[in-house]
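Here is the structure we will look at.
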Amino acid sequence: RQVAQVICARWIAPVTASNAGLVLEHHAVAVDGGGRIVEVLPQARAEEKYGLHDEGQHDGEAGGVAHLAPPLFIHLGNHMLIPGFVNAHTHTGMSLMRGKADDEPLLQWLHNTVWPIEQKFTHEPQFCYDGAVLSAAEMLCSGTTTFADMYWNADEAAQAVRRTGIRALLGLIVIGFPSRFAADTEGYIQNGMAALKKHANLPTVRFAWAPHAPYTVPDADLKRLGELSASMNVPLHIHLHETADECAASAALDRDSPACHMSDHALRPVANLDRLGMLNNRLLAAHMVHLTDDEISLLAERGVSVAHCPSSNLKLANGFCRVSKLVKAGVNVALGTDSAGSNNNLDMFEEMKLAALLSKGVAEDATAVPAALALQMATLNGARALHMEDDIGSIEP
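Following this note's numbering, the numbering of the sequence shown begins with 1 at its first residue and continues without gaps.
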């Protein structure tokens, strides 16, 4: 293929499946006119193969692909080149609620602060669009190039993606109560289908069905969305096992608890989703803080991906995800920031650091989640969770 750009860096961390910890020195990445990687090779070999011409030299950041012949050489002499981060769980519209409510547990935060604000404002034209643009700008500035969203207006989020040039897996929200967006489940599904059809030709957008959580979506609707996910071959994105109350109340079928799942079965939510046939490699489960050893083994067997959100789990005091156990069992663990309202930023560098440090503390093992694995969780594992690993997540052809 015709090479349009050659990016030379002091170090490159490709984050490949075969060697996630590999660091290459004085290497280059050759990119074609469509933005696809052609090859990774030593810098000297790149200069010899593609020719280094004075008029094509440029010192600075690797921006948009230049359609030049001979190729444009970009020299990053003191930089490490890494894949773009993949934020595997966020709610972009909530950037407009940053700092609105702190120091509250999850369900109090949702019922007393978040949902009343959303009921009042999210249906207003451009509210979700403005929040998504703000979130995309923040993510791009800190190295995130792809995100998995779960918010009310996927149509406006897609418009924001188009404007900013970021890439996204947009959740088509379904929740078990009426809102300004839909009166019932059928309305939410129709909204999702409309957004999917409208933006089907936008190459930087893909879609997932996004039931909010087991405590807000009844079994019949979960089962239907699982069937839609299978028939359409799209991911399913859900909050799951985020709090201890969610697991205990569901297992006891404690209807007095707002954390109890909307099911007639006294089961922990993971077991109930397995009963419904929803534990599979299309499922992206956010948080997964409270898991037994048997549940971890089941997730690995079913191929479920987990979006670990350490900052949000800490802020809302939800507990500590057993990341090291999940990784050792073979579960694909990605990283997410959650929303700017429960974080309060969208910085994946911070999530990598917290994920590594907390995992060491929880496992009481200083070798748990080393730096290379933390980077893999923020890049390649996120790409796998979004089913985009053929296009993003690593620096390789």
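C-beta atoms are modelled at their ideal positions from N, C-alpha and C, and glycine is treated no differently.
Fewer than three beta-carbon pairs drawn from the stretch 105-119 and the stretch 75-85 are found closer than 8 Å, and the two stretches are therefore not classed as touching. Linking Ile-173 to Glu-186 through their CA atoms gives a straight-line distance of about 12 Å. Per DSSP, the beta bridge partners of Glu-25 are Trp-11.
When secondary structure is reduced to three states using DSSP, Val-270 falls in the helix class. For Asn-381, same chain residues with a beta-carbon under 7 Å away, outside a window of 5 residues either side, are Asn-332, Val-333, Ala-334 in chain order. Boundaries of the beta strand (DSSP E) harbouring Met-150: 144-151, taken from the DSSP string. When the beta-carbon positions are compared, Ser-324 and Val-362 come within less than 8 Å of each other. In summary, Asn-233 is exposed, with fewer than 16 beta-carbon neighbours lying within 10 Å of its beta-carbon over all protein chains present.
One alpha carbon belongs to Ala-44, the other to Pro-71, and they sit about 15 Å apart. Glu-227 sits in a helix when the DSSP states are folded into three classes. Out of Ala-372, Glu-351, Leu-279, the CA that lies nearest to the CA of Leu-236 is found in Leu-279. Only residues of its own chain outside the window of five on either side were considered, and among them Gln-119, Thr-122, His-123 have a CB closer than 8 Å to the CB of Arg-180, listed in chain order. Considering only Glu-25, Gly-21, Ala-249, Gln-2, the residue with the shortest C-alpha distance to Ala-9 is Glu-25.
Boundaries of the alpha helix (DSSP H) harbouring Glu-118: 115-121, taken from the DSSP string. Comparing C-alpha distances from Thr-90 to each of Leu-228, Leu-170, Arg-384, Pro-370 shows the shortest one belongs to Leu-170. Contact annotation: Gly-341 and Met-94 have beta-carbon atoms nearer than 8 Å. Residue environment: Asp-245 is assigned as buried (16 or more neighbouring CB atoms within 10 Å of its CB, all protein chains considered). For Ile-74, no alpha helix (DSSP H) encloses it; the enclosing beta strand (DSSP E) starts and ends at 72-81. Around the beta carbon of Gln-190, a 10 Å sphere encloses fewer than 16 other beta carbons of the protein chains shown; the residue is thus reported as exposed. Secondary structure note for Ser-305: its beta strand (DSSP E) is the uninterrupted segment 305-308. In this structure Glu-156 touches Ala-132 by the C-beta definition: roughly 6 Å separates them, less than 8 Å. Beta-carbon to beta-carbon, Val-304 and Leu-283 are separated by about 5 Å, close enough to satisfy the 8 Å threshold. Secondary structure note for Val-38: its beta strand (DSSP E) is the uninterrupted segment 37-42. Around Leu-291, the same chain offers His-241, Arg-322 as residues with beta carbons nearer than 7 Å, after the five sequence neighbours per side are excluded. Pro-211 is bridged by DSSP to Val-174. Per DSSP, the unbroken alpha helix (DSSP H) holding Leu-134 starts and ends at 127-141. In this structure Thr-146 is in contact with Met-388, their Cβ atoms being roughly 7 Å apart against a cut-off of 8 Å. Rounded to the nearest angstrom, the gap between the Cα atoms of Gly-99 and Ala-194 is 33 Å. Taking the C-beta atoms as reference points, Leu-81 is found no nearer than 8 Å to Val-6. The DSSP-derived three-state label of Asn-313 is helix. Taking all protein chains shown into account, Pro-125 has fewer than 16 neighbouring C-beta atoms within 10 Å of its C-beta and is therefore exposed. Residue environment: His-265 is assigned as exposed (fewer than 16 neighbouring CB atoms within 10 Å of its CB, all protein chains considered).
Under the three-state reduction of DSSP, Asp-219 is assigned to helix. In the three-state scheme derived from DSSP, where H, G and I count as helix and E and B as strand, Thr-16 is classed as coil. The C-beta distance from Leu-202 to Ala-158 rounds to 6 Å, short enough to fall under 8 Å.
Rounded to the nearest angstrom, the gap between the Cα atoms of Ile-175 and Cys-247 is 19 Å.
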